[in-house]
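K.L.:
Before I ask anything, here is the structure I am working with.
In the numbering used here, the protein residues as written are -4 to 200.
Given below as structure tokens:
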């Protein structure tokens, strides 16, 4: 599985591509940051992020794009910019028919470090170790993008099993409802009410 991780942001949008499967060593194929000028118009900044992500999609052709799920923060301006960059990443992937997965920061930290409260330095150190790099990727946004990709690769098998279990359960429920409906529909033809029974008895005398 080849996954493009995207750590959304307006000024620095981290991107990183990881390839591999759960239970085996993973390989980093590329890592970097899509940057936009803080004093530029918001529309042009989003266009810049779109172009940058499109270049990564063209170059690495990932099977899936993993994006950090945006949560509300005290700084509304920051979270709005992050949400806008996140939407651009999802749009770029969806336009090409590439599946998109969202992971919360705590899910990523727990998957990579074992603790949902790990700081950026701990995440960077574990990413370096897991991908067998000579040094932590810089800036931290780039390391976070790789962590997102790693998180999805490791969580995908469990998520697939869960989705299959949910789908199987829904199928069983649908079959049960269909069978119950059939039984209910045929019940009046087989049952005889007391009134019907007395009428039949009167005709046979």
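Cβ coordinates follow ideal geometry from the N, Cα and C atoms, glycine included.
Using 8 Å for Cβ pairs, my map puts residue 133 next to residue 118. What's the rounded Cβ distance?
P.N.:
So it is not a contact: roughly 13 Å between Cβ atoms.
K.L.:
Take every Cβ of the stretch 0 to 18, pair it with every Cβ of the stretch 30 to 45, and state whether three or more of those distances are shorter than 8 Å.
P.N.:
Touching, yes, given that three or more Cβ pairs across the two stretches are closer than 8 Å.
K.L.:
Near residue 13, which residues of its chain fall below 8 Å by C-beta distance, leaving aside the five closest residues on each side in sequence?
P.N.:
Counting only Cβ-Cβ distances below 8 Å, and skipping sequence neighbours, we find -3, -2, 0, 21, 22, 23, 24, 126, 141, 144, 145 and 148.
K.L.:
Is the beta carbon of residue 79 sitting closer than 8 Å to the one on residue 41?
P.N.:
Closer than 8 Å, so yes.
K.L.:
Need the endpoints of the beta strand (DSSP E) that residue 2 sits in, please.
P.N.:
First-last of the beta strand (DSSP E) with residue 2: -3 to 2.
K.L.:
To the nearest angstrom, how far is the alpha carbon of residue 15 from that of residue 178?
P.N.:
For residue 15 and residue 178, the distance between alpha carbons rounds to 50 Å.
K.L.:
Buried or exposed for residue 57, please, with buried defined as at least 16 other CB atoms from any protein chain shown within 10 angstroms of its CB.
P.N.:
Burial call: buried.
K.L.:
Hey, out of 173, 167 and 107, whose CA is closest to residue 150's CA?
P.N.:
Here the closest residue by C-alpha is 107.
K.L.:
What are the start and end residues of each continuous alpha helix (DSSP H) run of 4 or more residues lying completely inside the stretch 36 to 88, in chain order?
P.N.:
Listed in chain order, they are 37 to 55.
K.L.:
Could you pull out every residue in the same chain whose Cβ sits closer than 8 Å to the Cβ of residue 176, ignoring the five residues on either side in sequence?
P.N.:
So no residue of the chain qualifies.
K.L.:
May I ask you to list the residues that DSSP assigns as paired with residue 97?
P.N.:
Its beta-bridge partners are 62.
K.L.:
Taking residue 112 as the reference, which of 122, 101, 121 and 88 has the closest Cα?
P.N.:
Nearest option by C-alpha distance: 101.
K.L.:
How should residue 63 be labelled, buried or exposed, when 16 other C-beta atoms within 10 angstroms of its C-beta is the threshold for buried?
P.N.:
So residue 63 counts as buried.
K.L.:
Assign residue 195 to one of three DSSP states: helix, strand, or coil.
P.N.:
Low confidence applies here, because residue 195 scores a pLDDT of 48, under 50, leaving its location unreliable; read the following figure in that light. Helix, per DSSP.
K.L.:
Quick one: what does DSSP say residue 108 is sitting in, helix, strand or coil?
P.N.:
Three-state result, residue 108: helix.
K.L.:
Report yes if the CB atom of residue 37 is closer than 8 Å to the CB atom of residue 83, and no otherwise.
P.N.:
No, these two residues do not count as a Cβ contact at 8 Å.
K.L.:
In the DSSP assignment, what are the bridge partners of residue 6?
P.N.:
In the DSSP output, where bridge partners are listed per residue, residue 6 has none listed.
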